[in-house]
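Only one structure is covered here, and it is reproduced in the block below.
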Amino acid sequence: MPPTPAPHRVGCVSSRDAITLTAGDAEVTVRPDNGCRVQSLRIGGTELLRQGERYGCFPMVPWCGRMRDGQFRNGGLQHRMPLNAPPHAIHGTGRNLPWRTARHSDTTATFTYELADPHAPWPYPGTVTQLVELAADGSAVTFTMGIETYDDSFPAQAGWHPWFLRNLGKDTEDVRLDFAPAWQEQRGEDKLPTGKRLDPTPGPWDDCFGMPDGVDVTLTWPGQLELKVSSREQWVVVFDEQEAAVCVEPQTGPPNGINTEPRLVTPIDPLETSMTWSWRRL
């Protein structure tokens, strides 16, 4: 049975290491000190995200997924990133750095970090901003991320990597995924898209899918909760090969897209993307 709804409330609780937004019976806790990841999403007291310093939901920026051989080009320049998933670099630099809390209110919080942080290998200056907005009735949360520069232009990507719990408690059913992609990117032996598009295949997956009308994926924990992941972006990676969690990752391009689908961030054209999680009890 679903837990008894908590009393309606709206508020923001902050500490040195975390900010918790609350509305209705929802709580969203963000850890700016740990890569600005969402540490926790609790609905009526039920945790939806896998717990642990590496999990929750982290922003992928300034690239998403694997970057082939840790290399990307910007015009005639070739750059190398550390191979943190040999032989590739993976998931950007933002998840490994502390972010600054720029402002927060009862249901919103804004965080930033500098791409040219001395502890990050990214070769171009720029500012990344993440805005987290919890709906006043506690029925949804929207994430918006932007990358801007006032210096040299560079290719970039942005997205999110949530770890949703496969199961929400003892004697309950595993989550079910429902989505209708137009295609699936063929995955090569190096785990990167080959450039060939396939008809979607049955899971389990560690694969990228195309949804040209926007990402629209529903996770259903039978008898408990339905959560919809939506974004205007057309790319989503689904990873459900682990027993503990399922990942649904909207992003501005496919893995290695910083090379194959480059999107330039320029002084007059920043990159901006957003994702919404909305839910209802069953």
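Residue numbers for the sequence shown, in this note's numbering: 871 to 1152. Glycine is no exception: its CB is placed at the ideal position from the N, C-alpha and C atoms. Predicted, not measured: the structure shown is a model, and the values here were computed from it.
Residue Leu1089 holds the alpha-carbon nearest to the alpha-carbon of Cys1117 among Pro1137, Asn1129, Pro1125, Leu1089. Minimum Cα-Cα distance from Gln1094 among the listed residues Thr899, Asp1041, Trp1053 corresponds to Asp1041. Residues of the same chain with a CB within less than 6 Å of the CB of Val931, apart from the 5 flanking positions on each side, are Gly962, Gly964, Val998, Ala1028 in chain order. Taking all protein chains in view, the Cβ of Ser975 is surrounded by fewer than 16 other Cβ atoms within 10 Å, so the residue is classified as exposed. Between the C-alpha atoms of Ser1101 and Ala1114 there is a straight-line separation of about 25 Å. The way I'd put it, the segment 891 to 899 doesn't touch the segment 1013 to 1033; fewer than three beta-carbon pairs between them come closer than 8 Å.
For the set Glu897, Ser1023, Leu1001, Leu1097, the Cα lying nearest the Cα of Arg1046 is the one of Leu1097. Counting only residues of its own chain and dropping the five nearest sequence neighbours on each side, His1031 has a CB closer than 7 Å to the CB of Cys927, Phe928, Met930, His961, Cys1117, Glu1119. Following the DSSP letters along the chain, one finds Gly1127 in no beta strand (DSSP E) but inside the alpha helix (DSSP H) bounded by residues 1127 to 1130.
Arg936 is positioned such that its CB atom lies no closer than 8 Å to that of Trp1033. By the neighbour-count criterion, in which 16 or more other beta carbons inside 10 Å mark a residue as buried, Pro1082 falls on the exposed side.
Residue environment for Ile1128: buried (at least 16 other C-beta atoms within 10 angstroms of its C-beta). Fewer than three beta-carbon pairs drawn from the segment 894 to 909 and the segment 947 to 956 are found closer than 8 Å, and the two stretches are therefore not classed as touching.
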